[in-house]
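A short worksheet on the structure shown next.
In our numbering, the protein residues as written are 1016 to 1302.
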């Protein structure tokens, strides 16, 4: 595509907005549910760490301002989601989670600044090896981070705990960032590979959610119907005994003007299945 700085910055800004806001649905979902079950803490931690080498790469390469800001904001939100995993998943205290969160941010921010000053002189002398290493490292971390989430999906046979809107916005951010690079005077291959990996791997999670989640709901529905239709053996035995006793009583009271009604299965308390609860289970929609 022809060099177009206005389009480059506009698309880069859209990508930054997406990658700034994409974790908000996930953080909100975890806070509302008071649970991070199904969300891989390794995913959000490694994504937060991947923002450091990507930040070094973007700063030294002098990419546009939105693409420089993006990894910083991305890392901040990733570690917020990771802190939620510690609070809700591992039941750590709130103060401990806040300390862990701030410690990670400060340590990684200091590392990023140090690496920028370490790599920039050699880059300005024409040695691209150092900066390319950080770009590739970021791509590898982003790809590896999703593997534990894929395992969670495989183990549960559905997408649980992770917000589909989060993955959708994240994927759109990668698309906009790729398009932003396309309008640069020279396409940055490593950054393009990083953003494209995000698009592909997020797309796989979304596709799995569209396929597996309806199947999981149908499995739960069938299980609920099967359980609701079953009659406990104890209830059957009690019903049979009650009916036999009732028949004996009827024989003894032959000629009575008020024949006794047979005891029905529904009259036996504490032994029937609450089908209303089963119907409620059938309505559960686990995202």
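For each residue, glycine too, the CB sits at the ideal point set by N, CA and C.
Exercise. Do the region 1097–1107 and the region 1047–1060 make contact, defined as three or more Cβ pairs closer than 8 Å?
Worked result: yes
Exercise. What residue range is occupied by the uninterrupted alpha helix (DSSP H) comprising residue 1081?
Worked result: 1080–1099
For this session: Could you say if the region 1123–1132 and the region 1176–1195 meet the contact criterion of at least three C-beta pairs nearer than 8 Å?
Result: no
Problem set entry | Euclidean distance between Cα positions of residue 1037 and residue 1077 | 24 Å
For this session: Return the residue from the list 1158, 1082, 1046 that minimises the CA-CA distance to residue 1215.
Result: 1158
For this session: Could you tell me the boundaries of the alpha helix (DSSP H) in which residue 1118 lies?
Result: 1109–1139
Problem set entry | Contact under 9 Å by Cβ, residue 1199 with residue 1072 | no
For this session: With DSSP collapsed to three states, give me the class of residue 1157.
Result: helix
For this session: Give the single residue among 1172, 1164, 1189 whose Cα lies nearest to the Cα of residue 1056.
Result: 1164
Exercise. Do residue 1205 and residue 1150 come within 9 Å of each other at the CB atom, strictly closer than that value?
Worked result: yes
Exercise. Using DSSP with H/G/I as helix, E/B as strand and the rest coil, what is residue 1193?
Worked result: helix
For this session: Can you give me the start and stop residues for the alpha helix (DSSP H) that residue 1072 sits inside?
Result: 1056–1076
Exercise. Alpha carbon to alpha carbon, what distance is there between residue 1232 and residue 1239?
Worked result: 10 Å
Problem set entry | Environment of residue 1079 [buried if 16+ CB atoms lie within 10 Å] | buried
Exercise. If you draw a straight line from the C-alpha of residue 1060 to the C-alpha of residue 1129, how long is it?
Worked result: 21 Å
For this session: With a 10 Å radius around its C-beta and 16 neighbouring C-beta atoms as the bar for buried, classify residue 1043 as buried or exposed.
Result: exposed
For this session: Decide if residue 1142 is buried, meaning its Cβ has at least 16 other Cβ atoms within 10 Å, or exposed.
Result: exposed
For this session: Determine the direct distance from the alpha carbon of residue 1098 to that of residue 1115, and round the result to whole angstroms.
Result: 7 Å
Exercise. So, is residue 1031 buried or exposed, given that buried needs 16 or more other C-beta atoms within 10 angstroms?
Worked result: buried
Exercise. Residue 1185 to residue 1033, Cα distance in whole Å?
Worked result: 6 Å
Problem set entry | Exposed unless 16 or more other CB atoms sit within 10 angstroms - verdict on residue 1282 | Caution applies to residue 1282, whose pLDDT of 48 falls short of 50 and renders its modelled position unreliable; the value that the coordinates give is listed next. Exposed: under 16 other Cβ atoms inside 10 Å.
Problem set entry | For residue 1131 and residue 1074, the rounded distance between their alpha carbons | 7 Å
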